[in-house]
Amino acid sequence: MLPAADSLAGLVALVPAPPGAAICTASGDCRRVTREEARAIFQSGKALVAHTAFVAGRLKAPPAQPLYDVLELFAFARPGQPMVPSALGLARALGLEMPDTPEGAARALFSVAHTLLDEMRDLPTDARAKLAPLAATLTRGGWRWGPLLQPALALETPHGSPIAGMEAWRSLPQWEDEAPVGTPGTQPVTAGEVQARLLSLVGTPRPEQAAYSDAATYAFGPREEAGAPRIALVEAGTGTGKTLGYLAPASVWAEKNGPGLWISTYTRNLQRQIVQEIGRLYPDPAECAEKAVVRKGRENYLCLLNFEEAAKRTALAPDQRGVALGLIARWIGAHTDGDISGAGFPAFLAASLPLGEITDRRGECIYAACPHYRICFIERAIRRARHAPIVVANHALVIAQAASDWLATDQTSDTPQEKRLRYVFDEGHHLFDAADSGFAALLSGREMAELRRWIRGPEGRARTRMRGLEERLKDLIADDDEAQHALEDAVQAAGALAGEGWMARVTGAAARGPGEIFLAEVYAHVRARSDDRDRFYTLEAEAQPLGEETLRAVMELSLALKRIADPLTRLSRLLRKAMDEKSATLEPYTKARLEAAARGLDRRAKLVLPAWMRMLETLETGEISDDFTDWFEISREEGRDSDVGFERHWIDPTIPLASEILEPAHGALITSATLRDTGGEGLDWQSAEVRTGALHLPQPPRRASFGSPFRYEDQARIFVVKDVPRRDADALAAAMRELFQAAGGGALGLFTAVRALRDTEARIAQPLADAGLSLYAQHVDRLDTGALVDLFRVEENACLLGTDALRDGVDVPGRSLRLLVFDKVPWPKPTILHKARRARFGRAYDDLITRFRLKQAFGRLIRGPEDRGCFVILEGAMPSRLLTAFPEKAPVKRCGLAEAIGDIKEFLG
Ligand code: SF4
Numbered sequence: 053m054l055p056a057a058d059s060l061a062g063l064v065a066l067v068p069a070p071p072g073a074a075i076c077t078a079s080g081d082c083r084r085v086t087r088e089e090a091r092a093i094f095q096s097g098k099a100l101v102a103h104t105a106f107v108a109g110r111l112k113a114p115p116a117q118p119l120y121d122v123l124e125l126f127a128f129a130r131p132g133q134p135m136v137p138s139a140l141g142l143a144r145a146l147g148l149e150m151p152d153t154p155e156g157a158a159r160a161l162f163s164v165a166h167t168l169l170d171e172m173r174d175l176p177t178d179a180r181a182k183l184a185p186l187a188a189t190l191t192r193g194g195w196r197w198g199p200l201l202q203p204a205l206a207l208e209t210p211h212g213s214p215i216a217g218m219e220a221w222r223s224l225p226q227w228e229d230e231a232p233v234g235t236p237g238t239q240p241v242t243a244g245e246v247q248a249r250l251l252s253l254v255g256t257p258r259p260e261q262a263a264y265s266d267a268a269t270y271a272f273g274p275r276e277e278a279g280a281p282r283i284a285l286v287e288a289g290t291g292t293g294k295t296l297g298y299l300a301p302a303s304v305w306a307e308k309n310g311p312g313l314w315i316s317t318y319t320r321n322l323q324r325q326i327v328q329e330i331g332r333l334y335p336d337p338a339e340c341a342e343k344a345v346v347r348k349g350r351e352n353y354l355c356l357l358n359f360e361e362a363a364k365r366t367a368l369a370p371d372q373r374g375v376a377l378g379l380i381a382r383w384i385g386a387h388t389d390g391d392i393s394g395a396g397f398p399a400f401l402a403a404s405l406p407l408g409e410i411t412d413r414r415g416e417c418i419y420a421a422c423p424h425y426r427i428c429f430i431e432r433a434i435r436r437a438r439h440a441p442i443v444v445a446n447h448a449l450v451i452a453q454a455a456s457d458w459l460a461t462d463q464t465s466d467t468p469q470e471k472r473l474r475y476v477f478d479e480g481h482h483l484f485d486a487a488d489s490g491f492a493a494l495l496s497g498r499e500m501a502e503l504r505r506w507i508r509g510p511e512g513r514a515r516t517r518m519r520g521l522e523e524r525l526k527d528l529i530a531d532d533d534e535a536q537h538a539l540e541d542a543v544q545a546a547g548a549l550a551g552e553g554w555m556a557r558v559t560g561a562a563a564r565g566p567g568e569i570f571l572a573e574v575y576a577h578v579r580a581r582s583d584d585r586d587r588f589y590t591l592e593a594e595a596q597p598l599g600e601e602t603l604r605a606v607m608e609l610s611l612a613l614k615r616i617a618d619p620l621t622r623l624s625r626l627l628r629k630a631m632d633e634k635s636a637t638l639e640p641y642t643k644a645r646l647e648a649a650a651r652g653l654d655r656r657a658k659l660v661l662p663a664w665m666r667m668l669e670t671l672e673t674g675e676i677s678d679d680f681t682d683w684f685e686i687s688r689e690e691g692r693d694s695d696v697g698f699e700r701h702w703i704d705p706t707i708p709l710a711s712e713i714l715e716p717a718h719g720a721l722i723t724s725a726t727l728r729d730t731g732g733e734g735l736d737w738q739s740a741e742v743r744t745g746a747l748h749l750p751q752p753p754r755r756a757s758f759g760s761p762f763r764y765e766d767q768a769r770i771f772v773v774k775d776v777p778r779r780d781a782d783a784l785a786a787a788m789r790e791l792f793q794a795a796g797g798g799a800l801g802l803f804t805a806v807r808a809l810r811d812t813e814a815r816i817a818q819p820l821a822d823a824g825l826s827l828y829a830q831h832v833d834r835l836d837t838g839a840l841v842d843l844f845r846v847e848e849n850a851c852l853l854g855t856d857a858l859r860d861g862v863d864v865p866g867r868s869l870r871l872l873v874f875d876k877v878p879w880p881k882p883t884i885l886h887k888a889r890r891a892r893f894g895r896a897y898d899d900l901i902t903r904f905r906l907k908q909a910f911g912r913l914i915r916g917p918e919d920r921g922c923f924v925i926l927e928g929a930m931p932s933r934l935l936t937a938f939p940e941k942a943p944v945k946r947c948g949l950a951e952a953i954g955d956i957k958e959f960l961g
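Numbering (our numbering), first residue to last: 53 to 961.
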């Protein structure tokens, strides 16, 4: 027995448990300690924890030095394996006994550490030898687990490089280009084929599922008229078996006609679930990976060049960032697809290393000029998607491509070039919101600074690779004087944009250049017209009318932007001309670089800058288009100004959705459990057509709806509680606490405002802990929402607080979610944009949005035929007309809190 496990002897495992923590020694002595004692242990450097940042947040004390974090050990020992970042989650991942108290969780941390250390010790000799250089590098960075792994991995192995073991890219395979796939075919899909496929997927389908597949098949028939795609709007209540229902016709179509099928959903989590369902079509994992490819936006993938440069920088001064990079190196080497939003990525490392540093967020990719181009994860994903019969994407990506990347014409494009595409928009009720963000335009300090950096490179103390246009293009245009002049002009003109550190100058009366002067005017304009200029949240103000100074700033900036766009356009034209003239002699590598550079220039010169100029022109003329709403905004995060800008949104974003995405396609299935409003004003299908863009298409959609097979009369109870006083934080917190306790946990509290959420969390964390219920809270705990929901899911009796928007990420079948409480009726906020939409769509618009929110939230509660759940709204003034959001058979009761608590205890008991 090697001494690794014994080395844990001096450690104290620590798990937060309000008001302090539960601790446990290696010999198994466990007890509760106060927060002060917990802090002292946490900061002693001898603490064994799961998720340092989370524990630090709970104890409200930063770690004084690196700790023994078992998540890090897990990421090293089992790279790429999904886990929930807690003692419970790790115990489950390792097949250990699941703890059910904080003391048990603290004890479990030792079991987890022992198991992982033993695993490393038991690795074959060659595997240990391979890991030794990385472990040695991590140890130099101060990794606490390094010395404990020393006996197992023989860390005395000499290393030649300061980043030994981090060069994980060296083992990555290269992608290969393949011949273009051509446009999809137009062979019809027959009802017989679809039913046979469904049969093979589910055995004997229920009649509703078979009928659903049948209705969905309409979207996969041959188009009959140019510009008139076959749109099927199909609503299917929870439990219908929607995913396999549409996979039946979609997969038959893809086999006969593909590639060219894009299945799009709202969240990345849902993408994962769809891929799991596709596994039924292709049970062999290798075949499944080839046939169904997940596509996400570039910012979701690790950029190997950024990673390498970050690793080299950290080699100069090894630290916790270096440890994070080393663990990411392990993940890279574990046959990953490079998706940092995927299940196997150790997302907890974001606390030590901003993930933006290792992704391609700023469009600085240098494509074929990059030494990692042939192994690049993004390039590989794009190519795989181009050849895969089924692509699983998300609405944001599909819309972003259509909105901003349509100029691309080359092989490095993310855009689905092929026409005759077929789409399945699952969670189709989110299309409106996705189009709203995807087709919006923003002229802000952040955006300007990013464009300036892209053109001029870093100008401050930034230590990134961002090199600017000059560095990227100089060898390509070395023999072209005209192009060099254009480049010089662009670099000089970009000095008019807001630059690094702009926020301090804009808010401190020291603005420099037209961009910052415009922002300073916007900042003053918004503050002057706001009632509460020092409030915690984002401020906005109508843009018109403008003061004289502001108008002058608008005109100056408008001219400045034109001065940037002109040379960029010229430069792009010259690059394309060079490609054309030298096409016979150009190396493929140089051609790819020229193409990528021209595309990047076009995107800025023909899309971004003209959109900004059009916005400014509206301010100059005062002519406001009927299609848009404009406003000025000061964005605030946690009470601090984070951006200042000018926003433009479509009042009806489904207009571009229809023209840019639906119309060019040959068919689309838009499906969801909540497509139609169920208000009493005859909206019904009309609401679905309005919110999906179907209304703007020449051919009416085919519609169908299927009710849920669930017995809501037996499975659900809805309560409208009448006696919780509004604006009484104590009463609201007490109501949440009592309701959560009545359900014995498994409760989700949704709030319409962050402040109310925080106030409630502060009041109920302790009493819930005393009752043995753990509480997690968005905006309080330092975890992303995915991790919070994972923690909530894995602990059957946990409670979770979040804002109303959290509901979209919550997919928690079974007992872990049995009570859902809204603090108020989730009315839409009366923002400038919302008011414009209400004016366009009528007063019923508020009700429609609210009913959708309630409907979607209710849909989270009952996910399976055995689920039972209670839904509570703590606002007696909830209008009866909103109750149509709930299934007809679900019993609704208006009553006092005490009665609701009694009923809930009995119902869930
Ligand atoms: S090709 Fe671009 S995204 Fe890929 S590694 Fe290189 S710079 Fe990063």
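C-beta: ideal position from N, C-alpha, C; glycine also.
All values derive from a computational prediction rather than experimental measurement.
Three-way DSSP call (helix, strand, coil) for residue i in this model
i	result
histidine 886	helix
lysine 343	helix
leucine 63	coil
tyrosine 475	strand
phenylalanine 491	coil
histidine 482	helix
glutamate 699	strand
arginine 438	helix
proline 68	strand
serine 687	strand
phenylalanine 680	strand
isoleucine 315	strand
arginine 282	strand
tyrosine 897	helix
valine 101	strand
glutamate 277	strand
serine 694	strand
tyrosine 334	coil
lysine 957	helix
Residue environment, residue i, which counts as buried when at least 16 other CB atoms sit within 10 Å
i	result
aspartate 586	exposed
tyrosine 575	buried
glutamine 226	exposed
tyrosine 298	buried
glycine 255	exposed
aspartate 822	exposed
tyrosine 828	buried
threonine 837	buried
According to DSSP, residues forming a beta bridge with residue i
i	result
cysteine 947	Val773
serine 163	Answer by DSSP bridge pairing: none, since serine 163 is not bridged.
arginine 83	Ile75
serine 757	Glu287
alanine 717	Alanine 717 is not bridged to any residue.
cysteine 922	Arg769, Leu871
glycine 234	For glycine 234, which the question treats as bridged, DSSP gives no partner whatsoever.
valine 444	Ile315, Val346
leucine 354	Thr411
Heavy atom of the ligand ZN within 7 Å of residue i beta-carbon
i	result
cysteine 428	In terms of ligand content, the structure shown lacks the ligand ZN and carries the ligand SF4 instead.
In chain order, each alpha helix (DSSP H) run of at least 4 residues that lies wholly inside the region 770 to 852: 781 to 795, 806 to 822, 837 to 846
In chain order, which continuous runs of the alpha helix (DSSP H) of length 4 or greater are located wholly inside the region 504 to 570? 520 to 525, 533 to 545, 554 to 559
May I have a chain-ordered list of the alpha helix (DSSP H) segments no shorter than 4 residues that lie completely inside the region 574 to 654? 600 to 633, 640 to 654
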